[in-house]
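Okay, so the sequence shown: first residue is 310 according to our numbering, each after it adds one.
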Amino acid sequence: MLKRRTLLTTAALATVPLALPQAALAQGRKDSMVLGMTLEPPGLDPTAGAASAIAEIVQYNILETLTKINADGSVSPLLAESWEVSPDLRTYTFRLRRGVKFQNGEPFNAQAVKFSFDRAGGEKSTNKDKRTFANITTQVVDDYTVVLINKEIDPDLPFLLGQATAVIVEPKSADTNATKPVGTGPYKLDSWNKGSSLVLSKWDGFRNPGAAKLNKVTFRFISDPAAQAASLLAGDVDAFPRIATRVVPQFKNNPQYQVILGGSRAKTILAINNKRKPLDDPRVRKAISMAIDRKAVIEGAADGFGVPIGSHYVPGAAGYVDTTAVNPFNIEKAKQLLAEAGVKTPLELTMTLPPPPYARQGGEVVAAQLAKIGINVKIQNVEWAQWLSGTYGNKDYDLSIVSHVEPFDLGNYAKADYYWGYQSKEFNALYDKIKATGNTAERNKLLGEAQKLLANDAANAFLFQPQFPVIAKKGVKGLWKEMPVFVNDLSALSWS
Numbered sequence: 310m311l312k313r314r315t316l317l318t319t320a321a322l323a324t325v326p327l328a329l330p331q332a333a334l335a336q337g338r339k340d341s342m343v344l345g346m347t348l349e350p351p352g353l354d355p356t357a358g359a360a361s362a363i364a365e366i367v368q369y370n371i372l373e374t375l376t377k378i379n380a381d382g383s384v385s386p387l388l389a390e391s392w393e394v395s396p397d398l399r400t401y402t403f404r405l406r407r408g409v410k411f412q413n414g415e416p417f418n419a420q421a422v423k424f425s426f427d428r429a430g431g432e433k434s435t436n437k438d439k440r441t442f443a444n445i446t447t448q449v450v451d452d453y454t455v456v457l458i459n460k461e462i463d464p465d466l467p468f469l470l471g472q473a474t475a476v477i478v479e480p481k482s483a484d485t486n487a488t489k490p491v492g493t494g495p496y497k498l499d500s501w502n503k504g505s506s507l508v509l510s511k512w513d514g515f516r517n518p519g520a521a522k523l524n525k526v527t528f529r530f531i532s533d534p535a536a537q538a539a540s541l542l543a544g545d546v547d548a549f550p551r552i553a554t555r556v557v558p559q560f561k562n563n564p565q566y567q568v569i570l571g572g573s574r575a576k577t578i579l580a581i582n583n584k585r586k587p588l589d590d591p592r593v594r595k596a597i598s599m600a601i602d603r604k605a606v607i608e609g610a611a612d613g614f615g616v617p618i619g620s621h622y623v624p625g626a627a628g629y630v631d632t633t634a635v636n637p638f639n640i641e642k643a644k645q646l647l648a649e650a651g652v653k654t655p656l657e658l659t660m661t662l663p664p665p666p667y668a669r670q671g672g673e674v675v676a677a678q679l680a681k682i683g684i685n686v687k688i689q690n691v692e693w694a695q696w697l698s699g700t701y702g703n704k705d706y707d708l709s710i711v712s713h714v715e716p717f718d719l720g721n722y723a724k725a726d727y728y729w730g731y732q733s734k735e736f737n738a739l740y741d742k743i744k745a746t747g748n749t750a751e752r753n754k755l756l757g758e759a760q761k762l763l764a765n766d767a768a769n770a771f772l773f774q775p776q777f778p779v780i781a782k783k784g785v786k787g788l789w790k791e792m793p794v795f796v797n798d799l800s801a802l803s804w805s
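Printed below as a string of structure tokens:
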């Protein structure tokens, strides 16, 4: 018998009062909104690209998942109405929502779920969570019942199935989703002016016509912090999630705007290419870690909006342990470790930085700190597409600063071909044990051991857990405060 765990959607629609902007008194309520984004996505298919900016546009808006991750981190049904879990925690039976269709008119059913998950775990898959889906066997019981059999125990599976990598795609349109995404969500792609903006419009065929309160949402791509602030002040942008931290002070006491500060599960790290000499020596990586004053980096990179971390894990996550003392800021010890590793200084390295302000600003701070132990860092600023192809894809870098925003991504250290090239049989065995452990207390203990192992190996230099501020006009409602995943849930947005 399957152990039943049924979750029902309880979201209720609120009545939105009329908003009468001065420029549009005769137009009734305001039915459009402009959101700012720091980065433009390279494409719109989250099953094919790793950039979080993809999900910020399409997830829950165009493309949907079986489950939905809410702002508080809880999981509720979306394309699935409910699910049951077997006693051994390996078999999930999903009851699918009826009366759902894709934006090209094709029906949503169990076959679409099977196609999506088989594709995500298939040999040709470029899905960054390919390993997760490769371990899942998807069986169709009938049009509205699908069974997932997992090779591993994974208590986080309902959460993972709410992430962008698990979107359900329509088979006929799957190959063109990068430019013409077709989903089951309340919005469809209207236009994309690359380098400038992207527009989503309300889809008339959505199963719940009243769910989306805005008829049109425009995303404007603005990477420069000063330009971000100017766009808000000029009224060109209504809300700017995850805006540059340096602009926050000028809005804090302005009654026309709201400033929302919340937590995240993101890890900002100094990524180290473990495959390159002398960075393949853990003593060199530890020296780099110990040369960095995390508090100074948080001030310089994020204007104080962050908490130091010592491993690839953050406070608030299940099983978190404080590992910041494993590689403490210690210039003399760092110099000693370089000497023990036989490194002759000055050591010349290149740091490749993507556009976000935390990376560019943080890179300057880290380079200055590493200079104090004899490591000369040449900074190379690249655009996001270059970072994804060169650094992430081709592993062509020495050092880089980037925020990893996925909540459950320790498993990346078990991937031999991941961009930082970390390899540890001990970590792999430990992670396999974590995946196979259903008991929460025991699993949390193992997670603590994994964090300590990564810190001791200095797999990367772990910097801080960022806080991502959101600035919006006073009348904008429905913005997320906490950010367990990076999405812009457009159906929650409205004007007061």
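The C-beta atom is built at its ideal place from N, Cα and C for all residues, glycine as well.
Which same chain residues end up closer than 8 Å to residue i when comparing Cβ atoms and leaving out the 5 residues on each side of it in sequence?
{"i": "N737", "result": "A723"}
{"i": "A745", "result": "E461 and I462"}
With H, G and I counted as helix, E and B as strand and the rest as coil, what does DSSP make of residue i?
{"i": "T347", "result": "coil"}
{"i": "L646", "result": "helix"}
{"i": "R428", "result": "helix"}
{"i": "G337", "result": "For G337, the pLDDT reaches just 44, beneath the cut-off of 50, and the residue's location in the model is therefore unreliable, although a value from the coordinates is still provided. G337: coil per DSSP, three-state reduction."}
{"i": "K437", "result": "coil"}
{"i": "R406", "result": "coil"}
{"i": "D545", "result": "coil"}
{"i": "D766", "result": "helix"}
{"i": "K522", "result": "coil"}
{"i": "Q689", "result": "strand"}
{"i": "D451", "result": "strand"}
{"i": "R551", "result": "coil"}
{"i": "V556", "result": "helix"}
{"i": "A668", "result": "helix"}
{"i": "R574", "result": "coil"}
{"i": "N636", "result": "coil"}
{"i": "Q472", "result": "coil"}
{"i": "T700", "result": "helix"}
{"i": "Y566", "result": "strand"}
Return the chain-ordered list of same chain residues with a C-beta closer than 6 Å to the C-beta of residue i, the five sequence neighbours on each side being excluded.
{"i": "T435", "result": "A357"}
{"i": "V714", "result": "S361, A575 and F795"}
{"i": "K584", "result": "G730"}
{"i": "L348", "result": "A362 and W693"}
{"i": "Y622", "result": "Y629 and Q760"}
{"i": "T493", "result": "E373, V409, F411 and F417"}
{"i": "R406", "result": "L388 and E390"}
{"i": "R555", "result": "P534 and D612"}
{"i": "P617", "result": "R603, T633 and F773"}
{"i": "S805", "result": "G784 and K786"}
Just to confirm before moving on: does the CB-CB distance between residue i and residue j stay below 8 Å?
{"i": "N636", "j": "A764", "result": "yes"}
{"i": "F560", "j": "I780", "result": "yes"}
{"i": "A521", "j": "S341", "result": "no"}
{"i": "Y453", "j": "A419", "result": "yes"}
{"i": "E758", "j": "L739", "result": "yes"}
{"i": "T488", "j": "L469", "result": "no"}
{"i": "A650", "j": "P587", "result": "yes"}
{"i": "L708", "j": "A580", "result": "yes"}
{"i": "K754", "j": "Y566", "result": "no"}
So, under 8 Å CB-CB, residue i and residue j are touching, yes? Tell me the CB distance rounded to an integer number of Å.
{"i": "V508", "j": "K525", "result": "6 Å"}
{"i": "S698", "j": "L523", "result": "Not really, about 34 Å apart at Cβ, beyond 8 Å."}
{"i": "F424", "j": "P355", "result": "No, F424 and P355 are not in contact; Cβ-Cβ is about 16 Å, not under 8 Å."}
{"i": "Q670", "j": "A610", "result": "5 Å"}
{"i": "L656", "j": "G683", "result": "6 Å"}
{"i": "I578", "j": "F771", "result": "5 Å"}
Between residue i and the rest of its own chain, which residues show a CB-CB distance below 7 Å, the 5 nearest in sequence each way excluded?
{"i": "R516", "result": "G408 and V409"}
{"i": "G430", "result": "K439, F442, A443 and I445"}
{"i": "R399", "result": "I458, N459 and I462"}
Give me whichever residues DSSP pairs with residue i in a beta bridge.
{"i": "L658", "result": "V686"}
{"i": "G757", "result": "G757 pairs with nothing; no bridge assigned."}
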